[in-house]
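Working notes for the structure below.
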Amino acid sequence: MRAYELAPARAARPLAILLLLGEVAAAAWLLIPGHGWGGALGAALLALYAAAIAVNLGRGRRDLDCGCGGPGMRRPVSNALMVRNLVLAGAALVVLVPESERALGWIDLATVLAATATLAALWTAVARLDANRPALARVRGVA
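Basically my numbering = 1-based index in the sequence shown + 272.
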């Protein structure tokens, strides 16, 4: 929170705790069938993160770590990261679509599992490529 410089330094810790609680609440609400609150809150948080990235990119702060890769993986903010958050925010709103009355069969389960595995692999690959982009640019002598 401090690194993004969007709030006074003394407010960084309480805001970070509030964001963490928001993420936990979104995840918990997603586990409750029939509620769209988790998706809506998740979408709002992702849009907020995209806005924070956009503000810092507008300030020219491209070396800022996004904080989304965990403690062992530094990821600088980028336009791609901002777009990714907005796409994910849109995807999170899918839980607001009314449910179908059709009974689900084994093929539905197989399709969801295969799609989830594929998207997880794609997500990991893109995240690693994006995280290694600055190092690759240094090796190539571009940065």
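Note that the Cβ used here is the ideal one computed from N, Cα and C, for glycine as well.
The structure presented is a predicted model; accordingly, all values stated were derived computationally and were not measured.
Flag this pair as yes or no: are the beta carbons of residue i and residue j separated by less than 9 Å?
{"i": "Leu317", "j": "Gly294", "result": "yes"}
What does a CB cutoff of less than 7 Å around residue i pick up in its chain, not counting 5 residues either side in sequence?
{"i": "Ala386", "result": "none"}
{"i": "Asp269", "result": "There is simply no residue 269 to check, as the chain begins at 273 and stops at 415 in what is shown."}
{"i": "Gly314", "result": "Ala298 and Ala364"}
Return helix, strand or coil for residue i, following the three-state DSSP convention.
{"i": "Pro348", "result": "strand"}
{"i": "Asp335", "result": "coil"}
{"i": "Val369", "result": "coil"}
{"i": "Tyr276", "result": "coil"}
{"i": "Leu394", "result": "helix"}
{"i": "Arg400", "result": "helix"}
{"i": "Leu317", "result": "helix"}
{"i": "Arg412", "result": "helix"}
{"i": "Gly377", "result": "coil"}
Can you find the residues in the same chain that come closer than 8 Å, C-beta to C-beta, to residue i, ignoring five residues on each side of it along the sequence?
{"i": "Pro370", "result": "none"}
Excluding the 5 residues preceding and the 5 following residue i in the sequence, name in chain order all residues of the same chain whose CB lies nearer than 6 Å to its CB.
{"i": "Val367", "result": "Gly308 and Gly311"}
(request) May I have a chain-ordered list of the alpha helix (DSSP H) segments no shorter than 4 residues that lie completely inside the stretch 282-314? (result) Note on the stretch 282-314: whole alpha helix (DSSP H) runs with a minimum of 4 residues are 284-302, in chain order.
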